[in-house]
Amino acid sequence: MIKMKDVYKTYGNGVTALNGININIDQGEFVYVVGPSGAGKSTFIRLIYREVKPTEGTIVINDTDLSIIKEKKVPFLRRDVGVIFQDFKLLPKLSVYENIAFALEVIEESPRNIRKRVMDVLELVGLKNKARFIPDELSGGEQQRVSIARAIVNHPKIVIADEPTGNLDPETSWGIMRIFEEINARGTTIIMATHSKEIVNTVKKRVIAVEDGLIVRDEHRGEYGYEA
Ligand code: ADP
Ligand code: ADP
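Just so you know, we're using full-length UniProt numbering here: the sequence shown kicks off at 1 and counts up by one.
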């Protein structure tokens with residue numbers, strides 16, 4: 001499903017962010033990526049949707065070897081990987097509906113399919129009644145739910161979230177976690193970088209700890225393992 005073999009990443013400025021990563025993640029797993037700031041968590045995550053390319057090593061996503069993929073095939077890869085950010089990255093002038101529909105329009109879905117899919121996904125995240133609102137009219141938690149809806153509207157096999165609750169209060173964060181658990185229960189792989197000790201230690205999942213560009217711990221139903 002997701003395989004990394006001897007993956008290294010050195011950025012243009014000479015900083016080595018990943019120092020030989022080996023990992024297998026199966027379809028349907030829920031994985032937390034934890035570790036100190038600067039450890040390489042974001043780089044690890046950005047490799048999976050090919051926001052960055054490895055300097056060395058092999059990355060296979062859903063049977064596609066990213067090191068030999070042609071540039072024009074990257075949009076097809078990205079259909080299978082939904083991405084969620086700490087700061088939501090919604091388009092501010094578009095409505096909730098349009099923010100989500102946009103993800104489908106760029107892959108040339110029919111109008112009827114777009115409408116059905118957008119309304120279904122808004123129902124899943126509990127925002128059907130806010131379809132016409134713009135992001136500024138929503139709370140942070142609601143904006144994050146829109147960004148989740150946008151990430152999953154294509155039914156990707158993998159959802160990647162880089163500190164999705166980093167800007168949210170604890171209560172709102174639990175609501176986001178419930179949505180992730182629901183998506184995961186439908187068979188979607190979830191990979192979530194987080195600094196939330198409370199979430200990791202409460203909602204027990206596989207924990208991968210990254211330090212200095214290396215995986216130093218990989219545990220089934222693991223602990224956060226750092227001070228909050
Ligand atoms: P984390 O997400 O765990 O904080 P990152 O993957 O963001 O770690 O960063 C790992 C290391 O790579 C850090 O030293 C960081 O400064 C560096 N880094 C991250 N992104 C870039 C970039 N685009 N250009 C240069 N260095 C980067
Ligand atoms: P239901 O089928 O459950 O009655 P609707 O299809 O009427 O729900 O839509 C629910 C919300 O989504 C309404 O606020 C509606 O105006 C809005 N909506 C539906 N389609 C669009 C669209 N194409 N553009 C913007 N808003 C839309």
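Heads up, the beta-carbon is just placed ideally off N, CA and C, and yes, glycines get one too.
Keep in mind it's a predicted model, so treat the numbers as computed, not measured.
The segment 69-76 / the segment 15-26 touching (three or more Cβ pairs under 8 Å): no
What is the C-beta distance between residue 130 and residue 138, in whole angstroms, given that I count them as a contact (C-beta under 8 Å)? 7 Å
Could you check if residue 26 is buried or exposed, using at least 16 other CB atoms within 10 Å of its CB as the buried criterion? exposed
With burial defined as no fewer than 16 other Cβ atoms inside 10 Å of the residue's Cβ, what is the status of residue 185: buried or exposed? exposed
Which residues does DSSP list as the beta-bridge partners of residue 16? 10
Residue 28 and residue 213 - do their beta-carbons sit closer together than 8 Å? no
Check each residue's C-beta against every heavy atom of ligand 1 and list, in chain order, those closer than 6 Å. 11, 13, 15, 17, 35, 37, 38, 39, 40, 41, 42, 43
Rounding to the nearest angstrom, what Cα-Cα distance links residue 174 and residue 59 in this structure? 32 Å
Tell me which residue opens and which closes the alpha helix (DSSP H) that residue 214 is part of. Element bounds for residue 214: not the alpha helix (DSSP H) but the beta strand (DSSP E), 214-219.
Euclidean distance between Cα positions of residue 6 and residue 48: 14 Å
Would residue 183 and residue 159 qualify as a contact pair, given that the criterion is a beta-carbon distance under 8 Å? yes
Residues near residue 161 in its chain [Cβ-Cβ closer than 6 Å; skip 5 each side]: 84, 192
With 16 other CB atoms within 10 Å as the buried threshold, where does residue 24 fall? exposed
Three-state secondary structure assigned by DSSP to residue 224: coil
Which one or two residues does DSSP pair with residue 277 in a beta bridge? Outside the modelled stretch of the chain, which goes from 1 to 228, sits residue 277, for which no answer is possible.
Evaluate contact between the segment 190-210 and the segment 31-45, counting only Cβ atoms and requiring at least three cross-stretch pairs below 8 Å. yes
Are at least three pairs of beta-carbons, each pair with one atom in the segment 134-150 and one in the segment 108-115, less than 8 Å apart? no
Beta-carbon proximity list for residue 156, same chain, < 8 Å, skipping 5 on both sides: 79, 80, 81, 82, 188
Quick one, which of 77, 163, 54 has its alpha-carbon nearest residue 64's? 77
For my contact list, residue 104 and residue 153 are in at a C-beta cut-off of 8 Å; report their separation, rounded to the angstrom. 6 Å
I'd like to confirm the pairing. Which residues does DSSP put opposite residue 97 in its beta bridges? Looking at the DSSP assignment, residue 97 forms no beta bridge with any residue, so it has no partner.
Based on the DSSP secondary-structure assignment, which residues constitute the bridge partners of residue 206? 31
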